[in-house]
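Comments concern the structure below.
There are 2 protein chains.
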Amino acid sequence: MSLITANEALEIILKSSETFRVEEVNFLKSNGRILKEDIVADRDFPPFNRVSMDGIAISSEAFNNGQRKFKIEGIQPAGSEQLTMQNPLNCIEAMTGAILPNNTDAVIQYELLTIEDGFATINLEAVKELQNVHLKGLDRKQGAILIPKNTLISAAEIGVFATVGKSTVMVARQPKVMVISTGNELVGVSETPEDYQIRRSNVFTLVSLLEKINIKAETAHITDDKDKLLSKINSFLNDFDVLLFSGAVSKGKFDFIPEVLDELGVKKLFHKVKQRPGKPFWFGKKGNKTIFAFPGNPVSTFASCLKYFYPWYYKSIGINFENKNKAILAEDYFFKPGLTYFLQVKITKEEGEILATPITGRGSADLVNLVDSDAFLELPDDRTNFTKGEVFPLITYR
Amino acid sequence: MSLITANEALEIILKSSETFRVEEVNFLKSNGRILKEDIVADRDFPPFNRVSMDGIAISSEAFNNGQRKFKIEGIQPAGSEQLTMQNPLNCIEAMTGAILPNNTDAVIQYELLTIEDGFATINLEAVKELQNVHLKGLDRKQGAILIPKNTLISAAEIGVFATVGKSTVMVARQPKVMVISTGNELVGVSETPEDYQIRRSNVFTLVSLLEKINIKAETAHITDDKDKLLSKINSFLNDFDVLLFSGAVSKGKFDFIPEVLDELGVKKLFHKVKQRPGKPFWFGKKGNKTIFAFPGNPVSTFASCLKYFYPWYYKSIGINFENKNKAILAEDYFFKPGLTYFLQVKITKEEGEILATPITGRGSADLVNLVDSDAFLELPDDRTNFTKGEVFPLITYR
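Just so you know, the sequences run in chain order L and S.
FYI, in our numbering the residues of the first sequence are 524 to 921.
FYI, in our numbering the residues of the second sequence are 524 to 921.
Spelled out as structure tokens, the structure:
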């Protein structure tokens, strides 16, 4: 059987992306979401000729005519209506953030002044017109697009939303995701397992990985019983946009997921990928519902979510995702099987370079090894020797 | 006046870190928090001799005595009590994740078998003892520390919490932070400003920057009225661990913050730093309360929070913070003033290298420039020429 490669699998997944609707959220709740409208300057930036140093506002003409001592006519605080200087030979004290008073065109900061008896003397050789004045519209003009649609929102964008008065913004709706574990060997976190049992963990790592991209997923556990699987998965297919499975996709007698999904009318787009970990990965669609059935080993589930679900999500919400993260292999490495290998690595940053040191654990069941490493280095399937200093794609999770 | 340098300021701030108490949270709510207990293996990992491929379990001795065809005596599913093989010349079908049956010591995967009429024939030349068996305790021994105290929790750690049955974990309590804007020029996000007014934005960028490190901050606005400032700040000093101010720390007539804090018994540790932006930065302590009074220009507030508050926070919750992020300057740059310069840059990653391209905006009031860039490159204060290819510390915010 010729399996598809990891990149062929990714291509199929990206072609199966969905378009979600948009929703309006409070601007302060939009951190980490994808903006779905252009944010436009509601007025010029700055909106007025803005004083940018605390000091005095003068007419530069007076200064350039030789005058150095100016009578203080008033104070222009930030947030007050614009004053008009009555006498062009006077000055007005003006504060950072204030509107520049009428009949003045330059600001001299306090550091360069001597103030005595209501007069300010300027200790400076030259004054330029508009000195220490942040000119109306200099940064951006009214109507300019400040933030384009499809931007990933961070603190910087939230500041701009506030500035232009966008107390709510349109963002991509998040997909509704159900994370499902199967397997009779699994017990709850608060239970004490029998000798032959272990606790559920993959659904929680998946939930945490989704939380990182602001998806609040739900979780369910179904025992290895075909009828139960059929009825529960059928109802999840109705209620959710995406189902993520962990386990029951390999050759085991109780690996019912592929046949159950088939019976429920989910179209298989591929099963099994030339990769380690995560070879038995199954992927399919039913209408606009998307089903990722990851292998059940902890490292397989973890790596598959990062390699496949994340890009699918980004594409679906409107980001042209391309993983440009790469790292430099810090030691020689040998891997023979002819599969794409997601090598667990610890990242160090040195002088602007990203170095990846292999942290070889005990295989895909070794969950703890994920704690000791930071990322996966994606080694291609067409080679066996990987040399220190070579650069490979990097998938980080911290 | 000789100002302190940016790194002297940071040193003073780090020396002023606090120790917060710990709190117990549900393990699923611990993402992004700092672990305050060692997480210990509650039993061996794996907890039993675990079958790692779907197939048949046999006695390798029988195989090595020349036998190739084995009668199937039963099935050992994952999650079932351990079976005992009655006849050492038989085999038991065994599923991934199952406990290895008694009297068997090797597993042969289905891919290498022919199964017919209740017999499995092995198409393989050699079988090793413990083949496809993940040995009890091989990954980690009971009692081993799986995750040490003071680890920043991510999805990988949450998976381990689940596995060892830690449904709640002890984490560092987050500081209670109040973010305060001052300035009569500021109006609310939903209001329409007069010509000489602007909307509040810095408090919201600060709240978003804190949200990134899982601190839910509160916000307040106080007008430039000394009595109001005194009474409100006094009450905030009682109720919060940290106050973050934006504005009113420079030389303006209404820059009351330093004197108000002084009157309230806050000890100034420094005022003004040899840096751009953010020169008028004021920092002080009152008992175990910590006060960061950042300059009010948007870029100053933003950069100062990243450069100073983040490290203070990390130190306070128990992480030995050292910014090892560096980037390679992608173009020559010139900066004369003899201050540490937080140059706004756009990051690109190429072949494992982090490149920083300057995005020079219109100065510290140009909030929109934060949208166009990703990070600050910290250029030292003792030089004016910075050459393409040189490496400098990087402070990222995306």
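Even for Gly, the Cβ is constructed at its ideal location relative to N, Cα and C.
Taking residue i as the reference, give the member of the options with the closest Cα.
| i | options | result |
| --- | --- | --- |
| valine 783(S) | Val765(S), Lys795(S), Asp747(S) and Lys797(S) | Asp747(S) |
| serine 896(S) | Glu648(L), Thr674(L), Thr637(L) and Asp904(L) | Thr674(L) |
| alanine 695(L) | Ala621(L), Phe543(L), Lys755(L) and Val891(L) | Phe543(L) |
| leucine 878(L) | Glu854(L), Gln609(L) and Thr627(L) | Glu854(L) |
| serine 582(S) | Gln867(S), Gln609(S) and Lys559(S) | Gln609(S) |
| alanine 529(L) | Arg921(L), Tyr920(L) and Pro916(L) | Pro916(L) |
| isoleucine 918(S) | Tyr831(S), Tyr836(S) and Thr910(S) | Tyr831(S) |
| glutamate 913(S) | Val772(S), Glu604(S) and Ile851(S) | Ile851(S) |
| valine 822(L) | Asn725(L), Gln697(L) and Ile780(L) | Asn725(L) |
| aspartate 561(L) | Glu652(L), Ile676(L), Met701(L) and Pro881(L) | Ile676(L) |
| glycine 620(S) | Gly706(L), Leu636(L), Ile681(L) and Glu596(L) | Gly706(L) |
| lysine 689(S) | Lys552(S), Ser758(S) and Tyr836(S) | Lys552(S) |
| alanine 816(S) | Arg885(S), Lys795(S) and Tyr836(S) | Lys795(S) |
| isoleucine 738(L) | Arg556(L), Leu537(L) and Glu901(L) | Arg556(L) |
| proline 570(L) | His657(L), Gln867(L) and Gly597(L) | His657(L) |
| leucine 537(L) | Asn646(L), Tyr836(L) and Ala771(L) | Tyr836(L) |
| glutamine 654(S) | Asp750(S), Gly602(S), Phe586(S) and Ala667(S) | Phe586(S) |
| glutamate 708(S) | Gly602(L), Tyr920(L), Ser539(L) and Phe844(L) | Gly602(L) |
Do residue j and residue i come within 7 angstroms of each other at the CB atom, strictly closer than that value?
| i | j | result |
| --- | --- | --- |
| threonine 691(L) | glutamate 547(L) | yes |
| valine 650(S) | alanine 580(S) | no |
| arginine 663(S) | alanine 564(S) | yes |
| asparagine 572(L) | lysine 699(L) | no |
| leucine 623(L) | isoleucine 615(L) | no |
| proline 600(L) | methionine 576(L) | no |
| lysine 687(L) | isoleucine 670(L) | Before going on, a small fix: residue 687(L) reads as valine here, not lysine. No, the pair does not count as a contact, with Cβ atoms beyond the cut-off. |
| lysine 774(L) | tyrosine 856(S) | no |
| leucine 890(L) | isoleucine 814(L) | no |
| serine 887(S) | proline 800(S) | yes |
| proline 818(L) | proline 834(L) | no |
| glutamine 798(S) | threonine 728(S) | no |
| asparagine 613(S) | phenylalanine 593(S) | yes |
| lysine 838(S) | lysine 672(S) | no |
| lysine 872(S) | lysine 847(L) | yes |
| leucine 866(L) | proline 881(L) | yes |
| isoleucine 780(S) | valine 789(S) | no |
| glutamate 876(S) | glutamate 876(L) | yes |
Taking residue i and residue j to be in contact with their CB atoms under 8 angstroms, please state how far apart those CB atoms are, rounded to whole angstroms.
| i | j | result |
| --- | --- | --- |
| arginine 591(L) | glutamine 665(L) | In fact, because the Cβ distance is near 39 angstroms, the residues do not count as touching under 8 angstroms. |
| glycine 861(L) | aspartate 904(L) | 6 angstroms |
| asparagine 554(L) | glutamate 741(S) | That pair is no contact at about 16 angstroms. |
| leucine 893(S) | phenylalanine 825(S) | 6 angstroms |
| aspartate 785(L) | lysine 776(L) | In fact, because the Cβ distance is near 17 angstroms, the residues do not count as touching under 8 angstroms. |
| phenylalanine 793(L) | isoleucine 535(L) | 6 angstroms |
| valine 710(S) | glutamine 697(S) | That pair is no contact at about 30 angstroms. |
| lysine 809(S) | leucine 732(S) | Between leucine 732(S) and lysine 809(S) the Cβ distance is about 23 angstroms, and since that is not below 8 angstroms, they are no contact. |
| phenylalanine 909(S) | phenylalanine 858(S) | 7 angstroms |
| phenylalanine 642(L) | isoleucine 595(L) | 7 angstroms |
| threonine 644(S) | leucine 636(S) | 7 angstroms |
| glutamate 531(L) | aspartate 764(L) | No, glutamate 531(L) and aspartate 764(L) are not in contact; Cβ-Cβ is about 24 angstroms, not under 8 angstroms. |
Considering only DSSP beta bridges, list what residue i is partnered with.
| i | result |
| --- | --- |
| alanine 601(S) | None; alanine 601(S) has no bridge partner. |
| proline 916(S) | Lys849(S) |
| glutamine 632(S) | Gly578(S) |
| phenylalanine 777(S) | Answer is none; phenylalanine 777(S) lacks a bridge partner. |
| proline 881(L) | Val868(L) |
| lysine 812(S) | Lys809(S) |
| threonine 637(S) | Thr644(S) |
| glutamate 873(S) | Glu876(S) |
| alanine 679(S) | In DSSP, alanine 679(S) forms no bridge with anything. |
| asparagine 625(L) | Thr607(L) |
| leucine 902(S) | Tyr864(S) |
| valine 694(L) | Glu546(L) and Leu558(L) |
| valine 796(S) | Ile527(S) |
| phenylalanine 817(S) | Ser769(S) |
| asparagine 908(S) | Phe857(S) |
| lysine 790(S) | Lys808(S) |
- Ranges of the alpha helix (DSSP H) found wholly within the segment 698–741 of chain L, counting only runs of at least 4: 725–735
- Message: Just to confirm the assignment: which complete alpha helix (DSSP H) runs, minimum length 4, are found wholly within the segment 567–622 of chain S?
- Response: 583–587
- Quick one: complete beta strand (DSSP E) runs, 3+ long, within the segment 743–776 of chain S? 765–769
- Item | 3-residue-minimum beta strand (DSSP E) runs that sit fully inside the segment 644–671 of chain S, ordered along the chain | 668–670
- Message: Which runs of the beta strand (DSSP E) at least 3 residues long sit entirely within the segment 526–562 of chain S? Give them in chain order.
- Response: 545–549
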